[in-house]
Structures are given as C-alpha cells and as structure tokens.
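Written out below as structure tokens is the structure these notes cover.
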Amino acid sequence: AQSVSQHNHHVILSEAASLELGCNYSYGGTVNLFWYVQYPGQHLQLLLKYFSGDPLVKGIKGFEAEFIKSKFSFNLRKPSVQWSDTAEYFCAVNNNRDDKIIFGKGTRLHILP
Amino acid sequence: EADIYQTPRYLVIGTGKKITLECSQTMGHDKMYWYQQDPGMELHLIHYSYGVNSTEKGDLSSESTVSRIRTEHFPLTLESARPSHTSQYLCASSESSAARTEAFFGQGTRLTVV
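Here you go:
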C-alpha cells in the first residue's frame with residue numbers, strides 16, 4: 023500500500039525566511055503528486071501538482087516543488103514566506119492503478135509577522 | 073472555484089441517531105471520495121467511488137456507508153452515531169484518471185456526537 027510521510031508537523035518561521043517542507047512517498051510505480059494547502063477556516067485547495075515532465079513544478083503564490091524519483095520525494099519550497107502563508111500543508115499521492123489519493127499527516131506552518 | 077458542496081457544515085447530534093452527510097458536485101466528475109480528518113491529523117480515505125453504482129472502502133475502516141445513485145451525489149450515512157464518530161468529514165471529487173487531474177474538496181462537515 024502506498025503511504026505519504028511529512029517530516030515536519032509544525033514549522034514556525036519569520037517573514038522572508040525560506041521554506042522547505044519534506045514529503046516522501048512509498049510506491050514503486052507511476053505516481054501523481056500534489057501539495058494542498060488549507061488556510062484557517064477554508065477548504066483544501068491545490069497548491070501544485072506533478073504528473074510528468076519537468077520535475078520542478080511551480081504552483082500558486084510563489085511555491086514550487088521538486089520531484090526526485092530516486093529519493094521518492096516531493097519537497098515543497100518557497101524562497102521567502104509571508105505572514106499570509108500561515109496554513110496547513112498536505113502532501114498527497116495517487117497512482118494510476120487504483121486512483122486513491124493518499125494524504126500525509128500535514129504540516130502546520132506558522133509565519134511570525 | 074470548485075463546485076462541490078457539503079451540508080451541513082456543522083452537526084451536533086446525540087448518540088444512536090442516524091445521520092446522513094450530503095455531498096454534491098456540479099462538475100460532472102466521475103470519481104468522488106470521503107475523507108475523515110481529526111484535528112491536527114492526516115486525512116484518512118474512508119470511501120471512494122469511480123462512478124454511478126460504484127463504491128469502495130478506503131484505507132481506514134469506517135462504520136459509515138455511502139451510495140452513488142447519481143453522478144453528482146455521494147452521501148455518507150451513519151446508522152447509529154457514536155462519540156467515536158466525532159470528526160471532520162471531507163468530500164472530494166476528480167475527473168477520470170485519463171485526465172489525471174487533482175481532487176477538489178468541499179468545505180467539510182464537522183460532526184460532534186454527544
């Protein structure tokens with residue numbers, strides 16, 4: 023069974039700091055990878071996704087993620103965070119075999135103004 | 073903006089009651105999902121559907137049941153609610169795998185069983 027691990031459960035940064043959130047998955051076949059964000063009081067929204075092609079994908083609000091197949095990783099990055107980035111971030115994966123979308127435990131990001 | 077709706081947003085109900093959480097989407101998506109999320113915890117897939125008359129159990133065992141009689145509607149039912157069912161329930165939908173699209177989520181239903 024596939025699974026997703028997010029290494030940081032709670033991250034606190036100051037504004038303008040750089041961000042990297044780790045995500046590793048376990049599945050040997052072809053996967054599709056996602057990062058979702060949940061702002062306080064709002065529903066889950068897609069931040070970015072990777073299906074194929076360039077392993078460096080760019081999403082909304084200056085976020086990007088890099089797919090490293092050899093490491094089974096899909097880390098999320100942002101060079102300079104803002105207070106408005108305070109939210110919970112979820113890494114997710116699905117495979118082309120059974121189409122289930124499996125989520126990690128999430129990382130709660132708190133940006134200090 | 074995703075067109076997927078869940079009702080009610082909040083529900084407080086007594087033990088033993090039967091409840092149905094509604095989920096509807098107007099995007100014509102074939103696949104729909106139910107996730108359960110406790111505060112600060114991961115989303116656990118409890119049910120999914122590939123289309124009309126298709127329902128599958130997810131990775132987390134759940135006493136709830138689902139039905140998919142219409143493409144746009146994927147209700148979740150608890151025959152007898154218990155305090156252990158207290159959680160947030162999130163519904164999502166996506167296109168078929170050929171399109172390889174992401175899932176769109178509803179606002180969620182926060183259920184409290186007292």
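Protein chains in written order, with the numbering used here: chain A, 23 to 135; chain B, 73 to 186. Glycine residues also receive a C-beta, built at the ideal position from the N, C-alpha and C atoms. From a predicted model like this one, the values you see are computed outputs, not experimental measurements.
Where residue i sits in the DSSP three-state scheme
i        : result
Ile82/A  : helix
Lys93/A  : helix
His65/A  : coil
Ser74/A  : coil
His157/B : helix
Ser106/A : helix
Asn30/A  : coil
Ala165/B : Looking at the sequence shown, residue 165/B is not Ala but Ser. Correct three-state label for Ser165/B: strand.
Ala87/A  : strand
Tyr77/B  : strand
Cys113/A : strand
Lys100/A : strand
Sequence-distant residues of its chain with Cβ nearer than 7 Å to residue i (five each side left out)
i        : result
Ser102/A : Ala38 and Ser40
Asp110/B : Ser159
Gln24/A  : Tyr47, Ser48, Tyr49, Val115, Asn117 and Ile124
Thr79/B  : Glu94
Val84/B  : Thr184 and Val186
Gln67/A  : Tyr58 and Val59
Same chain, Cβ closer than 6 Å to residue i, neighbours up to 5 away in sequence not counted
i        : result
Glu167/B : His101 and Thr173
Gly81/A  : Leu69 and Leu70
Arg130/A : His32 and Glu110
Lys127/A : Gln28
Candidates the options, of which the one nearest residue i by Cα
i        : options                                   : result
Leu43/A  : Gly50/A, Trp57/A and Ser36/A              : Trp57/A
Asp120/A : Ile91/B, Glu94/B and Tyr105/B             : Tyr105/B
Thr87/B  : Leu162/B, Phe176/B, Phe177/B and Leu150/B : Leu150/B
His116/B : Asn125/B, Thr127/B, Asp131/B and Tyr122/B : Asp131/B
Gly84/A  : Tyr111/A, Arg99/A, Asp76/A and Leu78/A    : Arg99/A
Glu86/A  : Lys93/A, Asp76/A and Trp105/A             : Asp76/A
Ser165/B : Pro155/B, Tyr82/B, Ser156/B and Tyr107/B  : Tyr107/B
Thr127/B : Lys122/A, Leu66/A, Val26/A and Gln28/A    : Lys122/A
Leu162/B : Thr181/B, Glu135/B, Thr137/B and Ala175/B : Thr181/B
Val138/B : Ala175/B, Ile76/B, Tyr82/B and Thr92/B    : Thr92/B
Ala175/B : Lys103/B, Val124/B, Glu135/B and Pro155/B : Lys103/B
Ile141/B : Gly123/B, Phe177/B and Pro155/B           : Gly123/B
Phe73/A  : Ser27/A, Lys127/A and Phe96/A             : Phe96/A
Met99/B  : Ile76/B, Pro155/B, Asn125/B and Ser136/B  : Ile76/B
Gln97/B  : Ser156/B, Gln179/B, His145/B and His157/B : His145/B
Tyr82/B  : Gly63/A, Gln104/A, Ile90/A and Val26/A    : Gly63/A
Residues near residue i by beta carbon distance below 8 Å, same chain, minus five either side
i        : result
His132/A : His32, Val33, Ile34, Leu35 and Thr108
Lys90/B  : Thr149, Leu150, Glu151, Ser152 and Ala153
Tyr120/B : Lys103, Met104, Tyr105, Trp106, Thr127, Glu128 and Gly130
Pro147/B : Thr92, Leu93, Glu94, Cys95, Val138 and Ser139
Boundaries of the beta strand (DSSP E) in which residue i is found, first to last residue
i        : result
Ser40/A  : Segment: none, Ser40/A is in no beta strand (DSSP E) and carries neither H nor E.
Tyr58/A  : Val53 to Gln60
Asn46/A  : Asn46 to Ser48
Val185/B : Thr181 to Val185
Thr129/A : Thr129 to Leu134
Short CB-CB distance (under 9 Å) between residue i and chain D
i        : result
Gly126/A : The question asks about chain D, but that chain is absent: this structure's protein chains are A and B.
- Where in the segment 79-160 of chain B do unbroken runs of the alpha helix (DSSP H), each at least 4 residues long, occur, reported from the N-terminal end onward? none
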